[in-house]
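Student:
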Amino acid sequence: MNVIPITLLFADGVAHRLEVSAGGKLIEAATDAGLNLLTDCSNGQCGTCTASLLSGHIEMDDYDTSVLPDSDRECGAILPCVSRINSSCVVEFPYDSSEALAEEASPIDGVVAAVQQVAAEIMQLTIDIEEELFFEPGQYVRLHPEGTEISRSYSMANAPGARQLEFFIRQVPGGAFSGWLSQAKAGDKVKLSTPHGTFFLRDEERPRLFVAGGSGIAPFLSMLRGMSTSARALPTTVLIGARTPEHLFALDELKALGRIMPQLDVRLAVEQGAFGDSHAGYPTDLIAALGLDVSTRVYLCGPPPMVEAGRTAAQNAGIARGDVLCERFN
Ligand SMILES: Cc1cc2nc3c(=O)[nH]c(=O)nc-3n(C[C@H](O)[C@H](O)[C@H](O)COP(=O)(O)OP(=O)(O)OC[C@H]3O[C@@H](n4cnc5c(N)ncnc54)[C@H](O)[C@@H]3O)c2cc1C
Ligand code: FES
Numbered sequence: 466m467n468v469i470p471i472t473l474l475f476a477d478g479v480a481h482r483l484e485v486s487a488g489g490k491l492i493e494a495a496t497d498a499g500l501n502l503l504t505d506c507s508n509g510q511c512g513t514c515t516a517s518l519l520s521g522h523i524e525m526d527d528y529d530t531s532v533l534p535d536s537d538r539e540c541g542a543i544l545p546c547v548s549r550i551n552s553s554c555v556v557e558f559p560y561d562s563s564e565a566l567a568e569e570a571s572p573i574d575g576v577v578a579a580v581q582q583v584a585a586e587i588m589q590l591t592i593d594i595e596e597e598l599f600f601e602p603g604q605y606v607r608l609h610p611e612g613t614e615i616s617r618s619y620s621m622a623n624a625p626g627a628r629q630l631e632f633f634i635r636q637v638p639g640g641a642f643s644g645w646l647s648q649a650k651a652g653d654k655v656k657l658s659t660p661h662g663t664f665f666l667r668d669e670e671r672p673r674l675f676v677a678g679g680s681g682i683a684p685f686l687s688m689l690r691g692m693s694t695s696a697r698a699l700p701t702t703v704l705i706g707a708r709t710p711e712h713l714f715a716l717d718e719l720k721a722l723g724r725i726m727p728q729l730d731v732r733l734a735v736e737q738g739a740f741g742d743s744h745a746g747y748p749t750d751l752i753a754a755l756g757l758d759v760s761t762r763v764y765l766c767g768p769p770p771m772v773e774a775g776r777t778a779a780q781n782a783g784i785a786r787g788d789v790l791c792e793r794f795n
């Protein structure tokens, strides 16, 4: 059998050399070698596993081009979960080797404390856990309701270190987790994974722009709650988009955060039914007129088309591609 050497390079500079059978799957070869690469959907639909091909060639099975646009693929981005190896290559991952080497920790036991509809299509799920959970603001956990086969990823909206976790979840028609959530009640048991993800608040001295679509505001609430207790006051602009005013949520909380953080500038955009100062259209329409400092770190979270529009607008405003972080919620 033809065996091909490949190199997996991690953000901390650690390299792992593997041998893969020709046509074999990158993820399976990594798992066989004891590496747990970051994945979510495992079939090219979410973008969680995105990595960079530094040299060589990789073939990919079918995937959703909204999570890996052709322009990204041309720049070397790949989805390891659907990648097949046919020639020697070097692949770089945006997280440390320790994250891939860590054995998957035992799941955390959680109990639903409350489920509440807070806006059109948006549910707030609160889960009690026994010990404080520490994570980087912006990270997510996988939630697995006990007695079901369902397991989905959701970003914490609370600040790190709490024993009560808060999630904002869009109800997807026909969706498995959405269906469970519509029936969930206080006392239901849920298993949680340890926190994961590379979409977290960077600790750096530069202005920040957060752009959220729909439930994509969840990780930004965690970041803002964490920032509100810090002595550092970096200029931070938040653009929030929703279909209608009834789809907006957490506005009172954002107002309260604005009182603690005078450097916070929150702007709203609604596709239909604009009101007051809100923009009629998409949040990404507002980026061009912000006059962004080119050192701004941009964070985009929401549906893939919004993330793509945000990346283009940020690049047009002079922000380097590497300074734009993205999380896509399908
Ligand atoms: C890192 C990360 C963080 C996330 N954080 C959040 C968050 O904070 N808030 C949030 O709202 N979402 C978040 N998401 C999205 C979330 O994980 C789910 O994808 C989303 O909630 C839909 O899950 P579901 O089980 O309800 O729908 P799914 O069952 O996954 O279905 C999604 C869609 O596919 C269709 N579908 C499902 N199965 C089939 C089938 N067999 N054939 C045809 N169509 C099918 C459904 O009808 C539906 O339209 C996050 C995703 C990632 C990757
Ligand atoms: S894990 Fe979802 S695209 Fe690879």
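Per the numbering used here, the very first residue in the sequence shown carries number 466; after that it's consecutive. Built from N, CA and C at the ideal position, the CB exists for glycine as well. Since the model is a prediction, treat every value here as computed from it, not as a measurement.
What do you reckon, is the C-beta of Asp505 under 8 angstroms from a heavy atom of ligand 2?
Tutor: Along the sequence shown, read from residue 1 onward, the residue named residue 505 stands at position 40. Under cutoff, so the answer is yes.
Student: Terminal residues of the continuous alpha helix (DSSP H) containing Ser563?
Tutor: Translated into the one-based positions of the sequence shown, residue 563 becomes position 98. Element bounds for Ser563: 562 to 566.
Student: Do you know how far the Cα of Ala785 is from the Cα of Ser507?
Tutor: Working through the sequence shown from its first residue, we reach residue 507 at position 42. Working through the sequence shown from its first residue, we reach residue 785 at position 320. Answer to the nearest angstrom: the Cα atoms are 29 angstroms apart.
Student: Please confirm whether any heavy atom of ligand 1 lies closer than 8 angstroms to the CB of Tyr605.
Tutor: Within the sequence shown, residue 605 is the residue found at index 140, counting from 1. The answer is yes for Tyr605.
Student: On the CB-based measure, 16 or more other CB atoms within 10 Å of its CB, does Phe685 come out buried or exposed?
Tutor: In the sequence shown, residue 685 corresponds to position 220, counting from 1. By the 10 Å Cβ count, Phe685 comes out buried.
Student: Mind reading off the beta-carbon distance from Ala683 to Val577? Whole number of angstroms is fine, and I expect it under 8 angstroms.
Tutor: Taking the first residue of the sequence shown as position 1, residue 683 is located at position 218. Taking the first residue of the sequence shown as position 1, residue 577 is located at position 112. Contact flag wrong, Cβ pair sits at about 17 angstroms.
Student: Which residue comes first and which comes last in the beta strand (DSSP E) that contains Val468?
Tutor: Here residue 468 corresponds to residue number 3 of the sequence shown, with the count starting at 1. Note, Val468: beta strand (DSSP E), 468 to 474.
Student: Would you decide whether Phe599 is buried or exposed? Buried here means 16 or more other CB atoms lie within 10 Å of its CB.
Tutor: Within the sequence shown, numbered from 1, the residue matching residue 599 stands at position 134. Exposed, because fewer than 16 other Cβ atoms sit within 10 Å of the Cβ of Phe599.
Student: When you compare the CB positions of Gly678 and Val772, do they come within less than 9 angstroms of one another, or not?
Tutor: Within the sequence shown, residue 678 is the residue found at index 213, counting from 1. Within the sequence shown, residue 772 is the residue found at index 307, counting from 1. Yes. Within cutoff.
Student: For Ala745 versus Ala778, is the C-beta spacing smaller than 9 angstroms?
Tutor: Taking the first residue of the sequence shown as 1, we reach residue 745 at position 280. Taking the first residue of the sequence shown as 1, we reach residue 778 at position 313. No, these two residues do not count as a Cβ contact at 9 angstroms.
Student: Which of the three DSSP states, helix, strand or coil, is assigned to Gln780?
Tutor: Numbered from 1 along the sequence shown, position 315 holds the residue referred to as residue 780. Reduced to three states, the DSSP call for Gln780 is helix.
Student: If Val485 sits next to Ile550, beta carbons under 8 angstroms apart, how far is it from one beta carbon to the other, in whole angstroms?
Tutor: Here residue 485 corresponds to residue number 20 of the sequence shown, with the count starting at 1. Here residue 550 corresponds to residue number 85 of the sequence shown, with the count starting at 1. At roughly 4 angstroms, the Cβ-Cβ gap stays under 8 angstroms, so Val485 and Ile550 are in contact.
Student: Does ligand 1 have a heavy atom nearer than 8 angstroms to the CB of Ile543?
Tutor: As a working note, residue 543 is residue 78 in the sequence shown. Result no, Cβ not under 8 angstroms from ligand 1.
Student: What residue range does the alpha helix (DSSP H) around Pro610 cover?
Tutor: Position 145 of the sequence shown, counting from 1, holds the residue named residue 610. Looking at the DSSP string, Pro610 is not in any alpha helix (DSSP H); the run it does join, the beta strand (DSSP E), is 605 to 610.
Student: Got a sec? Which residues, its chain only, sit under 6 angstroms from Lys656 by beta carbon, not counting five neighbours each side?
Tutor: Within the sequence shown, residue 656 is the residue found at index 191, counting from 1. Excluding residues within five positions, the ones whose Cβ falls inside 6 angstroms are Pro572, His609.
Student: Might you give, ordered along the chain, the residues of its own chain that have their beta carbon closer than 6 angstroms to the beta carbon of Arg776, omitting 5 neighbours on each side?
Tutor: By 1-based counting over the sequence shown, the position of residue 776 is 311. Excluding sequence neighbours, Arg776 sits near Val789.
Student: Assign Ile573 to one of three DSSP states: helix, strand, or coil.
Tutor: Here residue 573 corresponds to residue number 108 of the sequence shown, with the count starting at 1. Looking at Ile573 - three-state DSSP - the assignment turns out to be strand.
Student: For ligand 1, any of its heavy atoms closer than 8 angstroms to the Cβ of Ser618?
Tutor: Sequence index remark: in the sequence shown, residue 618 carries index 153 (1-based). Ser618: yes, Cβ under 8 angstroms from ligand 1.
Student: Within 10 angstroms of the Cβ of Thr613, are there 16 or more other Cβ atoms? Answer buried if so, exposed if not.
Tutor: Locating residue 613 in the sequence shown gives position 148, where the first residue counts as 1. Exposed is the call here.
Student: Taking just the CA atoms, how far does Pro672 sit from Ala516?
Tutor: Numbered from 1 along the sequence shown, position 51 holds the residue referred to as residue 516. Numbered from 1 along the sequence shown, position 207 holds the residue referred to as residue 672. Near 26 angstroms, if we compare the C-alpha coordinates of Pro672 and Ala516.
Student: Determine whether the beta carbon atoms of Asp593 and Gln629 lie at a separation below 9 angstroms.
Tutor: As a first step, residue 593 must be located in the sequence shown, where it is residue number 128. As a first step, residue 629 must be located in the sequence shown, where it is residue number 164. The answer is yes: Cβ separation under 9 angstroms.
Student: Quick one: what's got a C-beta closer than 6 angstroms to Ser828's C-beta in the same chain, skipping five residues either side?
Tutor: Coverage of the chain is limited to positions 466 through 795, which leaves residue 828 absent and any answer about it impossible.
Student: Verify the contact flag: Tyr528, CB atom, against every heavy atom of ligand 2, threshold strictly below 8 angstroms.
Tutor: By one-based count along the sequence shown, residue 528 stands at place 63. Indeed, a heavy atom of ligand 2 lies less than 8 angstroms from the Cβ.
Student: Could you tell me the distance, in whole angstroms, from the CA atom of Leu566 to the CA atom of Ala734?
Tutor: By one-based count along the sequence shown, residue 566 stands at place 101. By one-based count along the sequence shown, residue 734 stands at place 269. Approximately 42 angstroms, taken between the alpha carbons.
Student: Taking 8 angstroms as the cut-off, does the segment 521 to 535 touch the segment 495 to 502 (at least 3 CB pairs, one atom from each stretch)?
Tutor: Too few Cβ pairs lie closer than 8 angstroms, so no.
Student: Nearest-angstrom Cα distance between Ala585 and Pro470?
Tutor: Counted from its first residue, the sequence shown places residue 585 at position 120. Counted from its first residue, the sequence shown places residue 470 at position 5. Answer to the nearest angstrom: the Cα atoms are 51 angstroms apart.
Student: Give me the residue from Asn467, Thr663, Met621 with the minimum Cα distance to Gly691.
Tutor: If you number the sequence shown from 1, residue 691 lands on position 226. Nearest of Asn467, Thr663, Met621 to Gly691, Cα basis: Met621.
Student: Answer with buried or exposed for Thr496, where buried requires no fewer than 16 other C-beta atoms within 10 angstroms of its C-beta.
Tutor: Here residue 496 is taken as the residue at index 31 of the sequence shown, counted from 1. By the neighbour-count rule (16 or more Cβ atoms within 10 Å), Thr496 is not buried but exposed.
Student: To the nearest angstrom, how far is it from the Cα of Leu722 to the Cα of Pro770?
Tutor: In the sequence shown, counting from the first residue as 1, residue 722 sits at position 257. In the sequence shown, counting from the first residue as 1, residue 770 sits at position 305. Taking the straight line joining both Cα atoms gives about 28 angstroms.
Student: In the structure shown, what three-state DSSP assignment does Lys720 receive?
Tutor: Within the sequence shown, residue 720 is the residue found at index 255, counting from 1. Three-state DSSP puts Lys720 in a helix.
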